[in-house]
Amino acid sequence: MQAQWDEAVAASRNGTFMHRRAFMEYHSDRFTDYSLMAMDGGKVVAVLPANRVGGAVYSHQGLTYGSWLMLPKCDAVTMMHIMDAAVDFMRADGVTELTYKPVPHIYHNYPAEDDIYALFRHGAVLGECSISTTIDLDAPIRFDRGNRSAVNRAIRASVQVSESNDYEGYWKVLQGVLESRYDTRPVHTVAEIKLLQSRFPENIKLYTATIDGNIVAGVLMFYAGPVAHSQYIAAAPEGRECGALALLFDTLITQSADEGYRYFDFGISCENHGQYLNEGLAQQKARLGGRGIAYNVFKLKL
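Going by this note's numbering, the first residue of the sequence shown is number 11, and it counts up by one from there.
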């Protein structure tokens, strides 16, 4: 039913390319799929990306967010019926808990929070809350003085910003920064990112800042619905010294607005399921003009 699933995602009010099967199944060896489809008269009205671990169902552990993706005709009353039926189905199948990650409203193509109301009616509670930092591209807040100065410094240093296919070269820079500064590694391997990019070339793009052809900073962009989302952000020592990231973001934010995106999302700055806020990282994003968007996770005991 992959074709039906992907058609439903494309037509939904809150689905993105990350909910298509070709994206979800690149790591299918790590998760036991438990995705659900809600049908009415033989027609799909909503789909739920999900996986199962024992008696627990998650929507979906391999995705930043994944909830009921609702087609236009799926209103609040329909969603109540869907949630009732899904809860009955899961209980009968031995599921004892649902962990549910609604798609943040900035990713909606049209309002789609009917599922949150249905969760409330079933007694779900807020289990986690992480804060992301987002720019409203219709009314952006200016960079602070330090970042405006960094943009000018990067221009004087002849930093060049462009889209790049040198994923291996950038991943070396990224890994070096993560290992030296945070003692960690990227969640995705370069092979996984290249596979996903080959499947979704219009949605996943790498942008780098270079000096004399050498990569000094970079950002991996995910273009999902109305949102331009940045991740895997890194700058080598030379890039930090000359302000390369400020110029890179200044370029990408302007480009995203020109291309019709509504929001530029820097992603969350939290760890430990939202219990720890990396204040330095959050303030760094805020100085670029972003403000808070909550990424919520609900828990429903069955």
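By construction, the Cβ of each residue, glycine as well, lies at the ideal position given by its N, Cα and C atoms.
- Where Gln-185 is concerned, the enclosing alpha helix (DSSP H) starts and stops at 177 to 192.
- Of all C-beta pairs linking the segment 250 to 269 to the segment 278 to 285, fewer than three are shorter than 8 Å, placing the two stretches out of contact.
- Looking at the backbone, the Cα of Tyr-68 and that of Ile-225 are separated by about 38 Å.
- If you draw a straight line from the Cα of Gly-223 to the Cα of Val-171, it is about 10 Å long.
- Ranked by Cα distance from Asn-24, the first of Asp-124, Gln-12, Arg-62, Tyr-271 is Asp-124.
- In this structure, Leu-129 sits away from Tyr-117, with a CB-CB distance that is not shorter than 8 Å.
- A direct Cα-Cα distance of roughly 29 Å separates Gly-270 from Val-54.
- Looking at the DSSP output, Gln-207 sits in no beta bridge, so it has no partner there.
- The segment 173 to 186 and the segment 286 to 297 do not touch, with fewer than 3 CB-CB distances between them shorter than 8 Å.
- Of the residues assessed, Pro-112 falls on the buried side of the cut-off, its CB having 16 or more other CB atoms within 10 angstroms.
- Looking from the CA of Tyr-273, the closest CA among Thr-42, Met-47, Ile-145 belongs to Ile-145.
- With at least 16 other beta carbons inside 10 angstroms of its own, Thr-26 counts as buried.
- Fully contained in the segment 90 to 151 are the following alpha helix (DSSP H) runs of length 4 or more, in chain order: 124 to 131.
- In the DSSP assignment, the residues bridged to Ile-225 are Thr-220.
- Annotation: Met-49 to Ala-96 spans about 11 Å, alpha carbon to alpha carbon.
- DSSP places Lys-295 inside the alpha helix (DSSP H), whose first and last residues are 289 to 296.
- Residues Glu-107, Thr-109, Ala-134, Val-135, Gly-137 of the same chain have their beta carbon placed closer than 7 Å to that of Lys-309, with the five preceding and five following residues left out of the count.
- In the three-state DSSP reduction, Ser-159 falls in the helix class (H, G or I).
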